Each structure stands twice: as C-alpha cells, then as structure tokens.
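Protein chains in written order, with the numbering used here: chain A, 1333 to 1567; chain B, 1333 to 1567.
What follows is a single structure, written as structure tokens, with notes after it.
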DNA sequence: GTCTATATACGGATAGAC
DNA sequence: GTCTATCCGTATATAGAC
C-alpha cells in the first residue's frame, strides 16, 4: 500500500471531522444551521492548530484565535463554552478517527506480517493526512485536566497495544522472533510518532511518507523476522 | 558500559549544573554569595521542571513557582530578569552539558561500531540522569522566541548529525550496510528520545535504562550490521 | 448568528520595608 | 537577600446591540 492508495481506499477528509464534531455537539453549539456551523468549526480548528502548533495552546489567546479564524470573540463562544472545551474537542476527534480507521484497516488483514505492515503504514498515512492534529494531541496531552488526561494516556497505550498483540500472534505462529513484545511495540510506536513530531525536518529534506514508511518497515523487519534475508519479506 | 559504569565514569551531578549556571550568570544574578545562590537555583530549577513538565511552562504561574520553590516572588526575580529568561537558562544548560559529555565520550572510541554503541548509550544514560531537563527541552522548544528557537533546532540536528557521521564512517569502512545514513540517524534518534519522553510508561513497567539501551542496540544492529549473525557483535 | 464593548480576574513584574 | 503588597497589562468570558 502506498500513500496514494491509502487516500483512495479510506476516502476520508478533514471535512468529515468538522461534520462529525458538529453532529456530536449539537446541544452545546449555539449555531444550528449545519452549513454555517461546519464551515466555522473548520475555520476555528484550523486556526487553533496552526497557532497552537507554533507557540502552544496556552500561549494562544482568544484574540489570536479570533484574528486568524476571522470570527469575533463572541462568535467563537457560540461553538464552545471555554478554551479548555475547545482543547477537549480537538483531542476527542483525533482519538476517535484514529481508532476507527486503524481498527478497520487492520481487521482487513489476516496474517501477522500483513497486519503489522498495515498497522505501521496506516498509522503513518493517517498522521500524514492529519499531521497538525497528531502533533497537537501529543504536545498538549499533559495540559489536559484529570479525566481527559486519562483518556490521552489510554490513547497512547491503545495503538501500542495493537502492535503488541500483532507481535504476539506472529511470535506464536513462529513468524517473528522477539523476546519482549511490549518493549518492541513501544519502540515501533516511537518510530512512527517521529514522523509527525518532526514533520518540519522531513519536509525540508523532501522525505516522503512512503520513503519513511519503507525505512521503518525495513527496521522492524530486520529486527523481528526469523531468518531474515536482506529484504522483501515484509515489504 | 552499563548505567552504573557511566555514572562512575562521568561523575557529574545535577549540582554541577547549578554551580555552572551561577558561574555563567554572575552579572545578572543579584545574589552574590555562591552557597546561597547555588542552593536556590537548585530549588528554582527543580520546581520549574516539576511544575512545567506536569502542566506546561506557560501554565506555570510565578505564584506556583514561588509556592513550590519556597522562595517569594521578589526573591525569584533576584535570579532571573523574566520568566522567559528562566526558560532560556534551562534550555541553555541542558544543551551545553549534553554536547560536552557526548563529544567527550564518543571521541574516546575509535571504530564505528564502538562509537555508535557509545553514542546511543551515552545519550540514553545522560537523559536518564537529567530526564526532567530533556523532557522540558523537548516540550518547550517551540515556545522559544526567534534566536533561542533556532538554537533548539540546531540542537536537535546536532546529535542526529553525530550519529549520521558515525554511520557514514562505518559504511565507508564496510562495517555497516545502510542506504540512507541521514534518515537512519533520524530514526535512531527517535528511539533514543522515546526513553525520556515516555518515562512514566517505562517506569511503571519497571523497564531499566540498561534494558532499554540493549533493545535499541539490538534494533540498530539488526538493521545496520553487515552479515549480522543473531546478536552480540554490537553489544 | 455575529459583532463590539466591557466586566472581572489573573499573571508578570517591581517598589520598598526589613 | 528576602519578603509583602501592589501596579498594571492582558486574558477569558459575557452582555447586549444589530
């Protein structure tokens, strides 16, 4: 699977996220006309991610957000009740979408090597489409209050657990040779995360997501595959 | 080299950092008695790292810092002229120490495999001793203003460059088999960083830094070493 | 539905006593 | 060298006009 194929296959757009957000928050959002609401949620989210990812969510003032989104302070509060709620909404949407698509794609595969490859690629491709969201989620996770903070931790462990399970299956079937699935899964996750955490670096160097994915897979393959012969088996 | 050996070998303590900070900022620090100043810088840095790493530097108020450090607001400003300057001091010290020790340890080795092993271990061990500092540096990098922001980026690229150079040497000597040193170095760096970025996770699971280092080395070895035979060569 | 204007509080920084 | 008290700008959030 390449990034292009992924996009054709999954066919989801950031627009869908705005629509979904509106649907899930009909009660609290004071604007009732869907078309307006979805459009403005888009402006708000885009502006929030843009400003926050440059100087931090806490440093972004409501005046900043008002200026960049083109909506007045008053109008902004028709979409969320507080700045913290806005943070929660962004975090929630990112989590929901990730889980749904990851699950969907991995379940489409059967054998461990294919599952592992798909998990890694899908996660990378997803983070490519939603890079600002993933970066934001990671960087602002610790700024969340209690219950939301718990969800952020759970989310971090969620994808790791998925990889761990796949490694375990492969080990049981005798395909993988690993001593510690959990730690191995953690490290694989770290490699995946670097893609959206250091996006600026890779962009500057013209490293495409496909090239990055290939190298991660080569790394993982070299480490996990039994009787690994140079390359190709996992790719 | 194990973590214990590293500590014996390097013999540096966080106390040294406080002393160094005082020495480098004699002019701007209004407190002139070394003993008092070093003690209070310790209290200030510890409190800043503790609070910031839990809810972000921007969210930490001077009142928070005053409470946790045990110094009054007025006293705090005898050690730095503004909250931003405090951020800069922390970033600067972390960078300086890292560079000095990394350079020192790597230059002590000659052949590429030993250099690579030492680079990875030293970085991990350093980040173990100074975990709060490394975490802070990473998370607050984007909150820095222009010139300091540039330094943060340069610092990110610095260690990566070190690894890249080692990989290149090894490739030239025919020891490593890698197609893209730069991207490989990036990924190795990502694995190293995960150790201090997800410290809470590894602590909870009782993963020691030695165990983590071993796995990273196994990963790297599996990928880089020519005619890799199961294990042992790089370890 | 969206705007402007403003209430209210909180944060960084300092003055001046001890 | 350190403290308390306070100044003043700025931030979030809302009231009320349009």
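Ideal placement from N, C-alpha and C gives every residue a C-beta, glycine not left out.
These figures come from a predicted structure and were not determined experimentally.
Local conformation of residue i per DSSP, three classes
| i | result |
| --- | --- |
| residue 1412 of chain A | coil |
| residue 1390 of chain B | coil |
| residue 1384 of chain A | helix |
| residue 1608 of chain A | Summary: the structure shown does not reach residue 1608 of chain A, with chain A confined to residues 1333 through 1567, and so no result is reported for it. |
| residue 1491 of chain B | helix |
| residue 1336 of chain A | helix |
| residue 1459 of chain B | helix |
| residue 1530 of chain B | coil |
| residue 1365 of chain B | coil |
| residue 1427 of chain A | helix |
| residue 1360 of chain A | coil |
| residue 1348 of chain A | helix |
| residue 1406 of chain A | helix |
| residue 1441 of chain B | coil |
| residue 1552 of chain A | helix |
| residue 1343 of chain B | coil |
| residue 1476 of chain A | coil |
Chain B within 8 Å of residue i, Cβ atoms only
| i | result |
| --- | --- |
| residue 1565 of chain A | Its pLDDT being 42, under 50, residue 1565 of chain A is placed unreliably by the model, and the measurement read from it follows with that caveat. No, because no Cβ of chain B sits closer than 8 Å to the Cβ of residue 1565 of chain A. |
| residue 1547 of chain A | yes |
| residue 1391 of chain A | yes |
| residue 1551 of chain A | yes |
| residue 1336 of chain A | no |
| residue 1526 of chain A | yes |
| residue 1512 of chain A | yes |
| residue 1535 of chain A | no |
| residue 1462 of chain A | no |
| residue 1359 of chain A | no |
| residue 1348 of chain A | no |
Opposing strand residues paired with residue i [DSSP bridges]
| i | result |
| --- | --- |
| residue 1557 of chain A | A:1508 |
Test: residue i CB closer than 8 Å to a CB of chain A
| i | result |
| --- | --- |
| residue 1555 of chain B | yes |
| residue 1447 of chain B | no |
| residue 1379 of chain B | no |
| residue 1394 of chain B | no |
| residue 1519 of chain B | yes |
| residue 1484 of chain B | no |
| residue 1451 of chain B | no |
| residue 1355 of chain B | no |
| residue 1522 of chain B | yes |
| residue 1465 of chain B | no |
Chain-ordered neighbours of residue i on chain A, where CB pairs are closer than 7 Å
| i | result |
| --- | --- |
| residue 1515 of chain B | 1539, 1547 |
Residue i to residue j span [Cα, whole Å]
| i | j | result |
| --- | --- | --- |
| residue 1378 of chain A | residue 1398 of chain A | 12 Å |
| residue 1504 of chain A | residue 1534 of chain B | 25 Å |
| residue 1441 of chain B | residue 1351 of chain B | 29 Å |
| residue 1513 of chain A | residue 1493 of chain B | 30 Å |
| residue 1515 of chain A | residue 1429 of chain A | 26 Å |
| residue 1305 of chain A | residue 1530 of chain A | Only positions 1333 to 1567 of chain A appear in this structure, which leaves residue 1305 of chain A out of reach. |
| residue 1409 of chain B | residue 1548 of chain B | 43 Å |
| residue 1474 of chain B | residue 1387 of chain A | 6 Å |
| residue 1507 of chain A | residue 1412 of chain A | 50 Å |
| residue 1487 of chain B | residue 1420 of chain B | 14 Å |
| residue 1510 of chain A | residue 1489 of chain A | 20 Å |
| residue 1405 of chain B | residue 1392 of chain B | 13 Å |
| residue 1434 of chain B | residue 1342 of chain B | 11 Å |
| residue 1347 of chain B | residue 1437 of chain B | 21 Å |
| residue 1564 of chain A | residue 1417 of chain A | Confidence at residue 1564 of chain A is low in this model, with a pLDDT of 40, below 50, so its placement is unreliable and the value that follows should be read with caution. Rounded to whole angstroms, residue 1564 of chain A to residue 1417 of chain A spans 47 Å at the Cα level. |
| residue 1502 of chain A | residue 1523 of chain A | 20 Å |
| residue 1532 of chain A | residue 1367 of chain B | 43 Å |
| residue 1562 of chain A | residue 1553 of chain B | Low confidence applies to residue 1562 of chain A: its pLDDT is 45, below 50, so where it sits in the model is not reliable, and the reading given next is rough at best. Cα to Cα, residue 1562 of chain A sits roughly 14 Å from residue 1553 of chain B. |
| residue 1381 of chain A | residue 1465 of chain A | 7 Å |
| residue 1517 of chain A | residue 1376 of chain B | 37 Å |
| residue 1483 of chain A | residue 1519 of chain A | 21 Å |
| residue 1555 of chain B | residue 1444 of chain A | 20 Å |
Within chain B, partners of residue i - CB distance below 8 Å
| i | result |
| --- | --- |
| residue 1421 of chain A | Within chain B, no residue comes near residue 1421 of chain A; the closest Cβ sits about 19 Å away, beyond 8 Å. |
Listed by chain order, chain A residues near residue i by CB distance under 9 Å
| i | result |
| --- | --- |
| residue 1493 of chain B | Result: empty, since nearest Cβ-Cβ is about 12 Å, beyond 9 Å. |
Partners in chain B for residue i, counting only beta-carbon separations shorter than 7 Å
| i | result |
| --- | --- |
| residue 1475 of chain A | 1387, 1388, 1391 |
Residue i: CB within 7 Å of a non-hydrogen atom of the ligand HEM
| i | result |
| --- | --- |
| residue 1421 of chain A | Annotation note on the ligand HEM: not contained in the displayed structure, which lists no ligands. |
Chain-ordered neighbours of residue i on chain A, where CB pairs are closer than 8 Å
| i | result |
| --- | --- |
| residue 1471 of chain B | 1471, 1474 |
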